[in-house]
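Here's the structure we're looking at; comments come further down.
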Amino acid sequence: MRVGLDFGTTNSSAGIYDGERLTLLPLDPVNSSPTILRSTLFMTREGAAYIGREAINRFTEGNVGREIEYEWRYIGDAEVTFAEFGTVQQALYVKVDANAPGRLFQSLKTGLRDRSFTRTNVFGTSYTLEELIAIVLRLILERIEAVTGRRVTSMVVGRPVHYSLDPAVDALAFERMRRACALAGLPEVQFLEEPTAAALSYARTARGEQHVLVFDFGGGTLDVTVMRLDGQGGRSFLATDGVPVGGD
88 MRVGLDFGTT NSSAGIYDGE RLTLLPLDPV NSSPTILRST LFMTREGAAY IGREAINRFT
148 EGNVGREIEY EWRYIGDAEV TFAEFGTVQQ ALYVKVDANA PGRLFQSLKT GLRDRSFTRT
208 NVFGTSYTLE ELIAIVLRLI LERIEAVTGR RVTSMVVGRP VHYSLDPAVD ALAFERMRRA
268 CALAGLPEVQ FLEEPTAAAL SYARTARGEQ HVLVFDFGGG TLDVTVMRLD GQGGRSFLAT
328 DGVPVGGD
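88 is the number of the first residue of the sequence shown in the working numbering; add one for each residue after it.
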């Protein structure tokens with residue numbers, strides 16, 4: 088089974104197309120709109136992972152009325168050099184929430200273009216950004232196969248036109264996303280620019296000759312494409328571009 092996946096900064100969705108009809112899948116049964124999955128991840132102290140509305144609910148329920156206990160924890164040493172006094176060794180401590188029931192992650196996709204976000208410690212276990220995203224993607228894949236009762240054999244995954252306007256950062260972000268998909272075990276992944284995917288979806292049912300502007304203002308990027316339909320089933324893309332400005 089071939090599946091289309093829109094892994095968004097704020098929300099995610101998935102669908103299958105049988106040649107005539109597009110069916111959006113209920114990835115988040117506890118959400119008010121089951122076909123829309125919030126792109127959130129909640130990880131407990133015990134290592135359990137939850138996504139979507141359940142992640143938000145568990146985070147909220149676990150923190151309502153909770154007494155916060157802060158404690159200082161040693162994280163390492165740093166060398167500090169002063170012009171007049173030379174170099175001294177400084178122990179570094181941070182104040183942490185010692186009894187937090189878990190950690191909630193949001194907007195992980197935006198972190199793909201952040202060189203400084205390489206890994207984070209979650210209750211004693213170190214995770215790279217790609218590993219965190221892979222957890223979300225793997226759970227999405229499991230839900231797709233559970234609701235359809237079929238094995239996914241290939242996927243088309245949406246991507247922004249540009250993760251960053253810096254070519255090097257853009258390439259880094261795309262490579263990190265590719266690694267996350269591989270870690271999640273997504274089969275035979277192909278990537279398609281998000282406004283192009285939206286334009287192709289519109290073209291399925293459009294009638295007559297048209298010039299179409301797709302305006303995709305998402306949580307992490309703003310992407311647009313201009314497409315011409317000749318009214319006889321033909322189409323051509325005239326322009327596609329985007330900027331890393333979002334509303335999340």
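A virtual CB, placed ideally from N, CA and C, is assigned to each residue, including glycine. Since this is a predicted model, take the numbers as computed values, not measurements.
Just to confirm, are residue 96 and residue 310 a CB contact at a threshold of 9 Å? no
Assign residue 286 to buried or exposed, taking buried as 16 or more other Cβ atoms, counted over all protein chains shown, within 10 Å of its Cβ. buried
Between the beta-carbon of residue 313 and the beta-carbon of residue 293, is there less than 9 Å? no
Hey, which unbroken runs of the beta strand (DSSP E) at 3 residues or more fall wholly within the segment 180-215? 189-192, 206-209 and 212-215
As assigned by DSSP and simplified to three states, the class of residue 168: strand
Pick from 154, 145 and 214: whose alpha carbon is nearest that of residue 189? 145
With a 10 Å radius around its C-beta and 16 neighbouring C-beta atoms as the bar for buried, classify residue 115 as buried or exposed. buried
Looking at the structure shown, is residue 395 part of a helix, part of a strand, or coil, going by DSSP? There is simply no residue 395 to check, as the chain begins at 88 and stops at 335 in what is shown.
Could you tell me the distance, in whole angstroms, from the CA atom of residue 249 to the CA atom of residue 140? 28 Å
When burial is assigned at 16 or more other CB atoms within 10 Å of the CB, is residue 162 buried or exposed? exposed
Spatial distance of residue 126 from residue 134 (CA atoms): 18 Å
Pairs of beta-carbons, one from the segment 271-288 and one from the segment 217-226, closer than 8 Å: are there three or more? yes
Length at least 4, wholly inside the segment 253-299: the alpha helix (DSSP H) runs in chain order: 254-271 and 281-290
Please state whether the Cβ-Cβ distance between residue 231 and residue 191 is less than 9 Å. no
In whole angstroms, what separates the C-alpha of residue 78 from that of residue 226? The structure shown does not extend to residue 78, since the chain spans only 88 to 335, so no value can be given for it.
With three or more C-beta pairs closer than 8 Å as the rule, is the segment 169-177 touching the segment 239-258? no
Residue 326 - partner residues in DSSP beta bridges: 313
Could you pull out every residue in the same chain whose Cβ sits closer than 6 Å to the Cβ of residue 300, ignoring the five residues on either side in sequence? 313
Going by C-alpha to C-alpha distance, which of 128, 182 and 104 sits closest to residue 196? 128
Evaluate residue 267 with the Cβ neighbour count: other Cβ atoms within 10 Å of its Cβ, from every protein chain shown; 16 or more gives buried, anything less gives exposed. buried
Taking just the CA atoms, how far does residue 198 sit from residue 330? 15 Å
DSSP-derived helix/strand/coil call for residue 155: coil
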